[in-house]
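Residue numbering for the sequence shown follows UniProt numbering, beginning at 1 and increasing consecutively. Built from N, CA and C at the ideal position, the CB exists for glycine as well. Computed from a predicted structure; not experimentally measured. Beneath this line is the structure, given in C-alpha cells, with notes to follow.
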Amino acid sequence: MVGASKSETGGGPIRYGMVGGGQGAFIGAVHRIAARMDNEFVLVAGALSSDPARAKASAEELGLDPARSYGSFAEMAKAEAKRPDGIEAVAIVTPNNVHVPAAKAFLEAGIHVICDKPLATTLAEAKKLAALVEKTGKVFVLTHNYTAYPMVRQAREMVAKGQLGDIRIVQSEYPQDWLTEDLAATGQKQAAWRSDPKQAGAGGALGDIGTHAYNLARFVCGLELDALSADLDAFVPGRQLDDNVNVMLRFKPVGKSHPAKGMLWASQVAPGHENGLKLRIYGSKGGLEWVQADPNYLWYTPFGQPKQLITRNGAGALPVAGRVSRVPSGHPEGYLEGFANIYQEAARAIRAARRKGGKPAKDVIFPTIQDGVEGMAFIEACVKSSKKNAAWTKL
Numbered sequence: 001m002v003g004a005s006k007s008e009t010g011g012g013p014i015r016y017g018m019v020g021g022g023q024g025a026f027i028g029a030v031h032r033i034a035a036r037m038d039n040e041f042v043l044v045a046g047a048l049s050s051d052p053a054r055a056k057a058s059a060e061e062l063g064l065d066p067a068r069s070y071g072s073f074a075e076m077a078k079a080e081a082k083r084p085d086g087i088e089a090v091a092i093v094t095p096n097n098v099h100v101p102a103a104k105a106f107l108e109a110g111i112h113v114i115c116d117k118p119l120a121t122t123l124a125e126a127k128k129l130a131a132l133v134e135k136t137g138k139v140f141v142l143t144h145n146y147t148a149y150p151m152v153r154q155a156r157e158m159v160a161k162g163q164l165g166d167i168r169i170v171q172s173e174y175p176q177d178w179l180t181e182d183l184a185a186t187g188q189k190q191a192a193w194r195s196d197p198k199q200a201g202a203g204g205a206l207g208d209i210g211t212h213a214y215n216l217a218r219f220v221c222g223l224e225l226d227a228l229s230a231d232l233d234a235f236v237p238g239r240q241l242d243d244n245v246n247v248m249l250r251f252k253p254v255g256k257s258h259p260a261k262g263m264l265w266a267s268q269v270a271p272g273h274e275n276g277l278k279l280r281i282y283g284s285k286g287g288l289e290w291v292q293a294d295p296n297y298l299w300y301t302p303f304g305q306p307k308q309l310i311t312r313n314g315a316g317a318l319p320v321a322g323r324v325s326r327v328p329s330g331h332p333e334g335y336l337e338g339f340a341n342i343y344q345e346a347a348r349a350i351r352a353a354r355r356k357g358g359k360p361a362k363d364v365i366f367p368t369i370q371d372g373v374e375g376m377a378f379i380e381a382c383v384k385s386s387k388k389n390a391a392w393t394k395l
C-alpha cells in the first residue's frame, strides 16, 4: 500500500487470534480475508465458537494448531498471554453481547483488539470499556469498514478542505431487504441473533446497519450530533427489535454558520435493496454523493457547474485516497479491500505501538473505541426518542 513506511510495516506478520467466526459465520471469513490481503497478519489461534465441537472443527478447517484452539475467549487470553509466541492482537467477530467481555479479557492480558461493531449492547458498558482501553494503552480498532474506502477518504478530505463550504444537509441511508420475512423463525443463524435483544442489544437494524450509516456521515462531514428525533418500527409480526429506522438529525453549529441538519434511514425490510448504503452531503459551495454499490465513483457538484465524476485513482483523486488504493483506476475495488484497509491501518498502529510511546503516522486513520461509544450513544438516543413518540432527544 502506498505511503506505509518500513518502520510501520516491517518485522514479519502480526500474530493474531480470532474469537467467533467459526463454521456458519459470515463476518469471520471476511475478517480473515482482510487480515491476510496485505500479508500483515497471520492467524495462529482461535476460540472460534461457543460450541466446543464446532470450535474444534472450525480450527481444523483453518489449519490451526489444535493446542491453540480454545474452548473460550477467557482461556485463550490467559494462555496466549503466557506464550513467547502468543498473539499480539485479537479479532472479535461474535454477536454483540460478547464484544465487551472478550475485549476486556484481551486488553487485560496486554493484547491489542480489533472488534466488530456495534461496540457493545449498552452505552454504560461501552464507556467502561473505553476507560480500560485508556488505562491499558492498547490499540483498539472498531471495524466500521466503510470509512476505509478510497472515495470515502476522498470525500472526507474535500469536506475538510472546505470545497463544499459550510455543510448544510447530510443524508445517509442504508436499506437492505433480507429480513423482509421472519427469517429467524427458520433457524437462520445470522437472523436469529440479530433479532434477539439479549445478543444484539437494544437495536436491530439500528445497531446492525444504522450505526454504519451514522458513523459514515460523521466520518465524512466531521460534524458532531447535537440531538435527534427517531421513529423505530418492527414491521415483521413478533420481531422483538426494529427492522426499520427513520431519524432526523441536528448537528452542533460550527463557528457562525447555521447548524447542519440531516436525515438517516436504515431498513432491513426494503425489497429490492441488497446493501444500499448511500451518503449525500450538501454545503454552501457544492455537494457530494457516494454509493457503496458503486464505490469507485464519487460525484462532486460545485454549485452552478456541471456534475463532476471523480474515480478511484483517476484524475482529481487526492493522495489520501490513493494511499488506500491497490490497483490502477478502472480496476474495481470494494468491500473486501475496504475491510483490508482497516486491517492495514491497524497493522501500522500496532507496529508503532511496539516502540516505546510509539504513535502511528498522522495519516493512519481507523475507527477507535470513541467511535464505538458514539455509536452506542446514538442507539440509546434513538430508542429513547422513539419510545417518546419521536421526541427530540439530546445525545
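Nearest CA to the CA of Val247: which residue from Ala59, Met76, Ala260 and Trp265? Along the sequence shown, read from residue 1 onward, the residue named residue 247 stands at position 247. For Val247, the nearest C-alpha among the options comes from Trp265.
Measuring only the C-alpha atoms, how far is Thr186 from Ala200? On the sequence shown, residue 186 is found 186 positions in, with the first residue counted as 1. On the sequence shown, residue 200 is found 200 positions in, with the first residue counted as 1. Cα to Cα, the separation comes out at about 18 Å.
I need the DSSP call for Glu289, collapsed to helix, strand or coil. Counting from one through the sequence shown, the residue named residue 289 turns up at place 289. Of the three classes helix, strand and coil, the one that applies to Glu289 here is strand, per DSSP.
Among Leu309, Gly110 and Phe303, the one whose alpha carbon lies nearest that of Pro295: Start at 1 with the first residue of the sequence shown, and residue 295 comes out as number 295. Ranking Leu309, Gly110 and Phe303 by Cα distance to Pro295 puts Leu309 first.
Taking Cβ to Cβ, would you say Tyr335 is nearer than 8 Å to Glu40? Here the question's residue 335 lines up with position 335 in the sequence shown. Here the question's residue 40 lines up with position 40 in the sequence shown. Taking 8 Å as the Cβ cut-off, Tyr335 and Glu40 do not qualify as a contacting pair.
Just list the residues that DSSP pairs residue 398 with in beta bridges. Only positions 1 to 395 of the chain appear in the structure, and residue 398 is not among them; the question remains open.
Alpha carbon of Val170 to alpha carbon of Val236, nearest angstrom: Start at 1 with the first residue of the sequence shown, and residue 170 comes out as number 170. Start at 1 with the first residue of the sequence shown, and residue 236 comes out as number 236. For Val170 and Val236, the distance between alpha carbons rounds to 29 Å.
Ordered list of beta strand (DSSP E) runs contained in the UniProt domain "GFO/IDH/MocA-like oxidoreductase" (152 to 289), each at least 3 residues: 167 to 175, 225 to 233, 244 to 251, 261 to 267 and 278 to 283
Quick check on the DSSP output: the beta strand (DSSP E) that includes Met18 runs from which residue to which? The count along the sequence shown starts at 1 and reaches residue 18 at position 18. Looking at the DSSP string, the run of the beta strand (DSSP E) that includes Met18 is Ile14 to Gly20.
By how many angstroms is the C-alpha of Asp371 removed from the C-alpha of Gly137? Taking the first residue of the sequence shown as position 1, residue 137 is located at position 137. Taking the first residue of the sequence shown as position 1, residue 371 is located at position 371. Computed Cα separation, rounded: 16 Å.
Segment contact, 8 Å Cβ cut-off, at least three pairs: the region 304 to 320 with the region 148 to 163: yes
Got a sec? Which residues, its chain only, sit under 6 Å from Val291 by beta carbon, not counting five neighbours each side? Against the sequence shown, residue 291 aligns to sequence position 291. Taken in chain order, the residues that qualify are Lys278.
Count the other C-beta atoms from every protein chain shown that fall within 10 angstroms of the C-beta of Asp65, then say buried if there are 16 or more, exposed otherwise. Here residue 65 corresponds to residue number 65 of the sequence shown, with the count starting at 1. When all chains shown are included, Asp65 counts as exposed.
Put Thr393 into one of helix, strand or coil per three-state DSSP. As a first step, residue 393 must be located in the sequence shown, where it is residue number 393. Thr393 falls in the strand class under three-state DSSP.
Report yes if the CB atom of Tyr146 is closer than 8 Å to the CB atom of Ser172, and no otherwise. For the purposes of this step, residue 146 is taken as the residue at position 146 of the sequence shown. For the purposes of this step, residue 172 is taken as the residue at position 172 of the sequence shown. Going by C-beta atoms, Tyr146 is not nearer than 8 Å to Ser172.
Just grab the DSSP bridge partners of Phe140 for me. For the purposes of this step, residue 140 is taken as the residue at position 140 of the sequence shown. BP columns for Phe140 point to Val113.
Alpha helix (DSSP H) containing Leu336: first to last residue? As a working mapping, residue 336 is identified with position 336 in the sequence shown. It spans Tyr335 to Arg354 - the alpha helix (DSSP H) in which Leu336 sits, taken as one unbroken run.
First through last residue of the alpha helix (DSSP H) which encompasses Gly372: The residue you call residue 372 lines up with position 372 of the sequence shown. First-last of the alpha helix (DSSP H) with Gly372: Ile369 to Lys387.
Do you know whose CA, among Glu157, Gly204, Val320 and Asp116, lies nearest Pro175's CA? Locating residue 175 in the sequence shown gives position 175, where the first residue counts as 1. Of Glu157, Gly204, Val320 and Asp116, the residue nearest in Cα terms is Gly204.
What does DSSP give as the partner residue(s) for Val133 in the beta ladder? Counted from its first residue, the sequence shown places residue 133 at position 133. Partner(s): none; Val133 has no beta bridge.
Same chain, Cβ closer than 6 Å to Met18, five either side skipped, listed in chain order: Residue numbering aside, residue 18 sits at position 18 when the sequence shown is read from its first letter. Contacts found: Gly46 and Ala91.
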